[in-house]
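Colleague: Each residue of the sequence shown is one higher than the one before, starting from 72 at the first, in the numbering used here. For every residue, glycine included, the Cβ atom is placed at its ideal position computed from N, Cα and C. Quantities reported herein were computed from a predicted structural model and do not represent experimental measurements.
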Amino acid sequence: MPLGLNRRKKAPPLVDNEEAAAGGGRRRRGRGGGGGGGGGGAAGPGGGAALRPRLVFHTQLAHGSPTGRVEGFSNVRELYGKIAAAFGIAPAEVMFCTLNTHKVDMEKLLGGQIGLEDFIFAHTRGQRKRVEVFKSEEALGLTITDNGAGYAFIKRIREGSVIARIPVIGVGDVIEAIDGRSLVGARHFEVAKLLKELPRGRSFALHLTEPRRAFDMIAPRGAGGGPGGGTPMGSGRGTLRLRAHGPPTLEEQPSAFEELAVAKVDDLLESYMGIRDSELAATMVELGRDAPDPDALAQALDSQLGDFAFPDEFVFDVWGAIGDAKVGRG
Numbered sequence: 072m073p074l075g076l077n078r079r080k081k082a083p084p085l086v087d088n089e090e091a092a093a094g095g096g097r098r099r100r101g102r103g104g105g106g107g108g109g110g111g112g113a114a115g116p117g118g119g120a121a122l123r124p125r126l127v128f129h130t131q132l133a134h135g136s137p138t139g140r141v142e143g144f145s146n147v148r149e150l151y152g153k154i155a156a157a158f159g160i161a162p163a164e165v166m167f168c169t170l171n172t173h174k175v176d177m178e179k180l181l182g183g184q185i186g187l188e189d190f191i192f193a194h195t196r197g198q199r200k201r202v203e204v205f206k207s208e209e210a211l212g213l214t215i216t217d218n219g220a221g222y223a224f225i226k227r228i229r230e231g232s233v234i235a236r237i238p239v240i241g242v243g244d245v246i247e248a249i250d251g252r253s254l255v256g257a258r259h260f261e262v263a264k265l266l267k268e269l270p271r272g273r274s275f276a277l278h279l280t281e282p283r284r285a286f287d288m289i290a291p292r293g294a295g296g297g298p299g300g301g302t303p304m305g306s307g308r309g310t311l312r313l314r315a316h317g318p319p320t321l322e323e324q325p326s327a328f329e330e331l332a333v334a335k336v337d338d339l340l341e342s343y344m345g346i347r348d349s350e351l352a353a354t355m356v357e358l359g360r361d362a363p364d365p366d367a368l369a370q371a372l373d374s375q376l377g378d379f380a381f382p383d384e385f386v387f388d389v390w391g392a393i394g395d396a397k398v399g400r401g
């Protein structure tokens with residue numbers, strides 16, 4: 072049957088308690104001491120009111136600022152709004168966030184999950200620049216991601232590539248326009264597809280905005296930073312999973328299978344589509360972990376992620392990668 076696809080920095084404490092209305096207790100995963108709902112919380116002054124967690128995260132602007140506190144967000148776009156409100160800036164000024172390091176380190180990029188003890192650094196808009204690029208090769212050497220709120224930006228520059236030979240272009244730069252065509256609001260896969268379709272042997276103009284930087288923020292260009300920079304990630308107490316659609320969930324740390332499967336699928340996204348997106352990869356793993364065959368995975372992806380129009384060979388490789396992760400094959 073053919074595939075149907077024609078289309079840390081630590082700060083105390085980060086979890087406060089607040090009183091909820093009677094019966095409003097909520098069970099949490101990944102934390103000791105039981106959960107809500109069943110009488111585990113203390114009663115409020117009126118009796119019958121349970122305590123439910125209020126997740127509070129600490130944040131700074133990456134180029135330097137006092138420490139702020141953010142809470143009550145359901146997705147990345149809302150988080151940017153909360154950060155903007157904490158520092159009195161426009162939400163559109165926030166380009167992306169890193170966890171536990173103020174550097175432009177793409178290994179610490181905030182995606183769909185935040186550890187309960189992670190410290191959030193917000194990178195804001197800096198210098199704008201226009202760069203002429205001659206496409207001498209089919210592949211430019213760019214890997215694109217996006218911030219979930221309308222900005223696609225450079226996550227990786229391959230060593231020795233066309234873009235690597237242009238020092239003014241850097242990891243973290245937002246791609247705002249190509250040849251005057253605005254890309255604000257475009258998804259990463261749309262930007263990557265547009266760059267790929269540009270004809271070889273001609274020049275084009277990239278309109279970029281780089282993140283505002285402190286003097287010690289610059290990480291290596293090729294990999295967008297790497298392990299070892301900044302404070303180690305959170306302590307394993309759990310993560311807040313943000314979703315583009317639906318409420319956030321408090322979850323245990325990912326299992327070894329989930330970490331391996333997400334990494335393998337993210338690598339496939341880069342190989343096939345020129346993008347990296349750990350949240351998209353995690354969603355695909357969720358959809359595919361119980362799929363009995365590639366066709367079942369194709370149907371699940373079509374129903375949830377049809378806009379991507381994943382090619383059949385990609386879906387087959389994703390199904391194989393998830394299967395390899397289940398048995399621990401790297």
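Do the region 386–398 and the region 213–233 make contact, defined as three or more Cβ pairs closer than 8 Å?
Modeller: They do not touch, by the three-pair rule.
Colleague: In the DSSP assignment, the beta strand (DSSP E) including Asp217 goes from what residue to what residue?
Modeller: For this step, residue 217 is matched to residue 146 along the sequence shown. First-last of the beta strand (DSSP E) with Asp217: 213–217.
Colleague: Let me know the secondary structure DSSP gives Glu247 once reduced to three states.
Modeller: Walking along the sequence shown from the start, residue 247 turns up at place 176. Strand.
Colleague: Check each candidate in Gly243, Phe328, Leu311 and name the one with the smallest Cα separation from Leu321.
Modeller: Residue 321 sits at position 250 when you count from the first residue of the sequence shown. For Leu321, the nearest C-alpha among the options comes from Leu311.
Colleague: The alpha helix (DSSP H) with Gly394 in it runs from where to where?
Modeller: Taking the first residue of the sequence shown as position 1, residue 394 is located at position 323. Taken as a continuous stretch (DSSP letters only), the alpha helix (DSSP H) holding Gly394 covers 383–397.
Colleague: Three or more beta-carbon pairs under 8 Å between the region 199–213 and the region 175–182, yes or no?
Modeller: They do not touch, by the three-pair rule.
Colleague: Counting Cβ pairs, one atom from each stretch, are 3 or more of them under 8 Å apart for the region 278–286 and the region 130–138?
Modeller: Verdict: yes, contact present.
Colleague: Please report the distance separating the alpha-carbon of Val147 from that of Leu313.
Modeller: Taking the sequence shown and counting its residues from 1, one reaches residue 147 at position 76. Taking the sequence shown and counting its residues from 1, one reaches residue 313 at position 242. Near 7 Å, if we compare the C-alpha coordinates of Leu313 and Val147.
Colleague: Check whether the Cβ atoms of Glu247 and Val255 lie closer than 7 Å to each other.
Modeller: Taking the sequence shown and counting its residues from 1, the one referred to as residue 247 is at position 176. Taking the sequence shown and counting its residues from 1, the one referred to as residue 255 is at position 184. Yes, they are a contact pair.
Colleague: Looking at C-beta atoms only, is the number of pairs between the region 229–236 and the region 150–158 that lie closer than 8 Å three or more?
Modeller: Not touching, per the Cβ criterion.
Colleague: Would you decide whether Phe379 is buried or exposed? Buried here means 16 or more other CB atoms lie within 10 Å of its CB.
Modeller: As a position in the sequence shown, residue 379 is number 308, starting the count at 1. Classification for Phe379: buried.
Colleague: Taking the Cβ atom as the reference point for each residue, do Ile215 and Asp244 lie within a distance shorter than 7 Å?
Modeller: Numbered from 1 along the sequence shown, position 144 holds the residue referred to as residue 215. Numbered from 1 along the sequence shown, position 173 holds the residue referred to as residue 244. For Ile215 and Asp244, no; Cβs fall outside 7 Å.
Colleague: Counting pairs of Cβ atoms below 8 Å between the region 392–400 and the region 318–332, do you hit three or more?
Modeller: Judged by Cβ distances under 8 Å, the region 392–400 makes contact with the region 318–332, as three or more pairs qualify.
Colleague: By Cβ distance below 7 Å, which residues in the same chain neighbour Arg360 in space, the five residues on each side in sequence not counted?
Modeller: Position 289 of the sequence shown, counted from the start, is the residue given in the question as residue 360. Correct list, in chain order: Ile393.
Colleague: The alpha helix (DSSP H) with Lys335 in it runs from where to where?
Modeller: Within the sequence shown, the letter at position 264 stands for residue 335. 327–344 is the span of the alpha helix (DSSP H), which, as asked, contains Lys335.
Colleague: Provide the residue span of the alpha helix (DSSP H) that contains Ala156, from first to last.
Modeller: As a working note, residue 156 is residue 85 in the sequence shown. 147–158 is the extent of the alpha helix (DSSP H) around Ala156.
Colleague: Could you have a look at Gly309 and say whether DSSP puts it in helix, strand or coil?
Modeller: Against the sequence shown, residue 309 aligns to sequence position 238. Reduced to three states, the DSSP call for Gly309 is coil.
Colleague: Out of Gly183, Asp348, Pro238, which has the shortest C-alpha to C-alpha gap to Ala263?
Modeller: On the sequence shown, position 192 is the one that residue 263 refers to. Answer by Cα proximity: Asp348.
Colleague: So, under 8 Å CB-CB, Asp337 and Ala352 are touching, yes? Tell me the CB distance rounded to an integer number of Å.
Modeller: On the sequence shown, residue 337 is found 266 positions in, with the first residue counted as 1. On the sequence shown, residue 352 is found 281 positions in, with the first residue counted as 1. That pair is a contact at about 4 Å.
Colleague: DSSP three-state label for Leu187, please.
Modeller: Within the sequence shown, numbered from 1, the residue matching residue 187 stands at position 116. Here Leu187 sits in coil by DSSP.
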